[in-house]
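Under full-length UniProt numbering, the sequence shown has 74 at position 74, and the numbering climbs by one with no breaks. We put the CB at the ideal spot given by N, CA and C, even for glycine.
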Amino acid sequence: MNDESGFQHNENVVAELEKDLRYISAIVKQKGRELLVDYAITPPQFIGLQYLFEDGDMTIGELSNKMFLACSTTTDLIDRMEKKELVERVKDPKDRRVVRIHLLNKGEIIINEVIKKRQEYLHAVLNDFSEQEVMILKDSLAKLHREMKKE
């Protein structure tokens with residue numbers, strides 16, 4: 001694994017980095033699930049709400065692709081979220097045959113509250129980091145994310 005300068009990344013360091021990222025991901029997922037208990041929504045429902053919050057209204061097919069789920073599974077998910085008044089189906093004004101999923105206020109409130117609690121948790125974890133360490137971590141993770149999105 002060479003970077004632009006031809007530097008050879010140490011395989012052990014890359015293996016440790018992959019392991020740390022995997023463990024961090026698992027902890028973030030677990031903490032997120034613990035927070036969702038207070039809102040009586042499932043992790044897949046939260047993920048769906050989050051996509052609608054970040055990307056706006058979309059069709060079931062578009063949401064299915066983002067979540068890597070079958071359309072039938074996403075339809076069931078939307079049905080349950082609609083019963084909880086988190087989302088609604090809305091006909092596209094430009095093409096009445098197209099139905100988009102729209103995030104309702106109750107769903108938006110849940111997203112905002114859960115994300116705020118996640119940020120508070122992360123803030124507490126970063127308590128022993130210097131401001132410079134936090135900025136380096138932020139910049140490094142942002143760069144890693146950009147590189148992963150290229151693929």
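Hey, would you say P44 sits closer than 8 Å to R33, going by beta carbons? no
message = Judging by CA-CA distance, which residue of S64, A142, L35 and D38 is the nearest neighbour of I101?
response = S64
Checklist line | Counted within 10 angstroms of its Cβ, other Cβ atoms place I78 as buried (16 or more) or exposed | finding: buried
| Quick one: Cα of D95 to Cα of M58, how far? | 13 Å
key: Beta-carbon spacing of K106, E85 below 8 Å   = Yes, they are a contact pair.
Using DSSP with H/G/I as helix, E/B as strand and the rest coil, what is V90?
-> strand
Margin query: What does the alpha-carbon distance come out to for the pair L144 and S72?
Written below: Across the structure, L144 and S72 are spaced so that their CA atoms are roughly 33 Å apart.
Quiz prompt | Segments assigned alpha helix (DSSP H), at least 4 residues, entirely inside the UniProt domain "HTH marR-type" (14–146) | solution = 43–55, 60–67, 71–83 and 105–125
Practice problem: Go ahead and pull the three-state DSSP assignment for E11. | Solution: Helix, per DSSP.
Q.
Using only the alpha-carbon positions, how far apart do M135 and V98 sit?
A. Approximately 44 Å, taken between the alpha carbons.
Q.
Check whether chain C comes within 8 Å of K138, counting only Cβ atoms and requiring the distance to be less than that.
A. Of the protein chains in the structure, only one exists, and it is not chain C.
### Query
Taking the Cβ atom as the reference point for each residue, do L49 and L103 lie within a distance shorter than 8 Å?
yes
**OP:** Count the other CB atoms, across all protein chains shown, that sit within 10 Å of the CB of V37; report buried if there are 16 or more and exposed otherwise.
**Re:** exposed
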